[in-house]
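Mapped onto the numbering used here, the consecutive letters of the sequence shown carry residue numbers 61 to 475. All C-beta atoms, glycine included, are put in the ideal place defined by N, C-alpha and C.
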Amino acid sequence: MSSLQLPDVILERIFRMLSMDDWRSCEKTCRRFWVFFARIMWPRVKRLDINKTLSKRFFVDEHRLNLNLLRYLFLKCVALRSVSIDPLGKNKYHFQAVCWISHSCLEQLCNICPLLTELCFRSCVFSSFYVFKYLQHLPPTLKALKVEWCRVDESGHDGTVDGAVSSILSCLHKLETFSLRGTCYGTCRMTDRSLERLPTSLKIIDLSENFETRIANLNWSRFLSRLQELHLERVSVTSHDLQCLCQSCPDLKSLTLAYADQISDFSTIAVLRELRGLKLDGNRTHVIDDALAKICNGCTRLVSLSLDCCCALTVSGIKNLAKLPQLEFLNLNSIRCVNDECLETICSSCTHLSNLQIKYCKQLTIQGLLCLLKLSQLERVGLSGQDAVDAQLLDQLRSLRTLKCIETENCQHLK
């Protein structure tokens, strides 16, 4: 039987295994295939991932997108809901200028994709604030906008950033997810004034890993009763702001307040009964035993907790982690007080841990580290900088069937 005689169901299964580059070639083969792609294949495409890993044809050179190809795909995929322009196509991101986003590219997105609900840019460069601000013309159906590890390549003043971000947010009334993770704006900085016109529909805000953001208050959170995730780093907010956030957004499920030096009392977080994820990295002074005890008593449903470099904690404070039996991820890196007693308590009580980070906890000995064998679901463990780690311990840890990764950099007994 020739391919022209195959039923549509079989043809669809075959073509689903091919890339879109191959689709373009196949549809030109004969009239039946042309009709088949126009009627069945292209209309069912709802997600388009543009990266160099999948196809270099998306790019005319090292940094510029193939606008003709994009226009062709946008016109063909009439039901397109999600577009991701991620040249590197990696899981772990860092800033690297890979792809230039032009006014023409955004114009095509805004005019040809009226049903778009999700748009993501990563490792991209916007040539000017004029181009960046054009995001305000995205279709009103948009629910998720992510501009991560990107750069606006133009000099200006802080008000330019605030004006651009504010204009974009004020036009997207159905937006539920907004992320500027890792993004920078040339010599400009984004301030909390850009967040004054946030749509009340927002559920996720991510401004983490961003050195160019200066957030001085959380007053804007008072209007975000639906907010479920908030990720901030190096902000200048106070304990009063944190209290306002907890009162306004009682259903928060994930919260990041890393390097928040102006917050003196983190115990307010304890009122967030629905919290699943909490990241307090870099708060060296004010994450103290009393605050952690209250958080552990109130947020008993925590699944992920990161306390990297929270150096004010003591042994008695760390022991409160035993009240979090659902923990799957725990980061205690560089906390000097963590000793064998702490680790034994954690391994005996938090039996669902799959990822445990205890790098540079210098008080741990071989006896304490052997407690890791109690964690039957452990998949990843960070042991870098541990003086007690040796080849014999690693052999014993590898007896855990679930264990996939052991990090052992700077361990003096290992070559």
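Flag this pair as yes or no: are the beta carbons of residue i and residue j separated by less than 7 angstroms?
i                 : j              : result
cysteine 170      : histidine 197  : yes
arginine 131      : glutamine 156  : no
glutamate 404     : cysteine 431   : yes
isoleucine 329    : isoleucine 355 : yes
arginine 241      : glutamate 208  : yes
phenylalanine 134 : cysteine 173   : yes
aspartate 447     : glutamine 427  : no
phenylalanine 186 : valine 212     : yes
leucine 429       : leucine 460    : no
aspartate 325     : serine 366     : no
leucine 463       : leucine 438    : yes
aspartate 400     : threonine 425  : yes
threonine 345     : alanine 318    : no
leucine 322       : serine 281     : Per the sequence shown, the amino acid found at residue 322 is glutamine instead of leucine. Contact flag unset, no.
serine 164        : leucine 127    : yes
Just the C-alpha distance for residue i and residue j, rounded to the nearest angstrom, thanks.
i                 : j                : result
tyrosine 194      : serine 414       : 43 angstroms
serine 376        : leucine 352      : 10 angstroms
asparagine 391    : aspartate 368    : 6 angstroms
serine 162        : phenylalanine 97 : 30 angstroms
glutamine 288     : leucine 332      : 11 angstroms
phenylalanine 283 : lysine 263       : 12 angstroms
lysine 434        : serine 408       : 7 angstroms
glycine 342       : leucine 129      : 45 angstroms
valine 398        : leucine 305      : 31 angstroms
arginine 361      : cysteine 248     : 39 angstroms
glutamine 423     : methionine 250   : 41 angstroms
glutamine 307     : isoleucine 378   : 27 angstroms
threonine 468     : aspartate 450    : 10 angstroms
isoleucine 265    : leucine 108      : 23 angstroms
glutamate 122     : arginine 396     : 46 angstroms
proline 67        : methionine 80    : 21 angstroms
valine 95         : arginine 73      : 16 angstroms
threonine 220     : tyrosine 245     : 10 angstroms
asparagine 277    : alanine 320      : 12 angstroms
In three-state terms, what does DSSP make of residue i?
i                 : result
arginine 249      : coil
histidine 300     : helix
tryptophan 94     : helix
glutamine 452     : helix
arginine 104      : helix
asparagine 126    : coil
valine 295        : coil
glutamine 427     : helix
glycine 358       : helix
arginine 73       : helix
threonine 237     : strand
threonine 405     : helix
glycine 179       : First, the amino acid is wrong: residue 179 is leucine here, not glycine. The answer is strand: DSSP assigns leucine 179 an E or B state.
glutamate 388     : coil
arginine 440      : strand
aspartate 266     : strand
valine 191        : helix
valine 212        : strand
glycine 337       : strand
cysteine 471      : coil
asparagine 277    : coil
glutamate 167     : helix
aspartate 109     : strand
methionine 61     : With a pLDDT of 47 at methionine 61, under the threshold of 50, the predicted position of this residue should be treated as unreliable, though the coordinate-derived value follows. It is coil, neither helix nor strand.
cysteine 397      : coil
lysine 116        : helix
valine 363        : coil
phenylalanine 271 : coil
Can you find the residues in the same chain that come closer than 8 angstroms, C-beta to C-beta, to residue i, ignoring five residues on each side of it along the sequence?
i             : result
alanine 139   : Pro103, Arg104, Val105, Lys106 and Leu175
glutamine 303 : Thr328
threonine 201 : Pro174, Leu175, Leu176, Thr177 and Lys234
cysteine 86   : Phe75, Leu78, Phe93 and Phe97
leucine 229   : Leu235, Phe238, Ser254, Leu255, Arg257, Leu258 and Pro259
Sorted by chain position, which residues of the same chain lie with C-beta nearer than 6 angstroms to residue i's C-beta, five sequence neighbours on each side aside?
i              : result
cysteine 394   : The residue asked about is misnamed: residue 394 is serine in this sequence, not cysteine. Same-chain partners within the cutoff: Cys369 and Tyr420.
alanine 224    : Phe189, Phe192 and Lys193
serine 226     : Ser254 and Arg257
serine 268     : Arg241, His291, Glu293 and Thr316
leucine 381    : Ile406
arginine 274   : Arg249 and Thr251
asparagine 470 : Ser444 and Gly445
serine 364     : Gly337 and Phe389
Note down, in chain order, each residue of its chain lying with its Cβ closer than 7 angstroms to the Cβ of residue i, except the 5 sequence neighbours on either side.
i             : result
methionine 61 : Model confidence at methionine 61 stands at a pLDDT of 47, short of 50, so the residue's coordinates are unreliable and nothing is read from them.
cysteine 402  : Val375, Ile378 and Lys379
*asked:* Taking contact to mean 3 or more Cβ pairs, one atom from each stretch, closer than 8 angstroms, check whether the segment 245-260 and the segment 219-237 are in contact.
replied: yes
*Is the segment 440-457 touching the segment 414-426, taking contact as three or more C-beta pairs under 8 angstroms?*
yes
*the segment 133-149 in contact with the segment 177-185 per 3-pair CB rule at 8 angstroms*: Three or more Cβ pairs closer than 8 angstroms define a contact, and the segment 133-149 meets that threshold against the segment 177-185.
_So, does the segment 297-311 touch the segment 337-344, judging by three or more C-beta pairs under 8 angstroms?_
no
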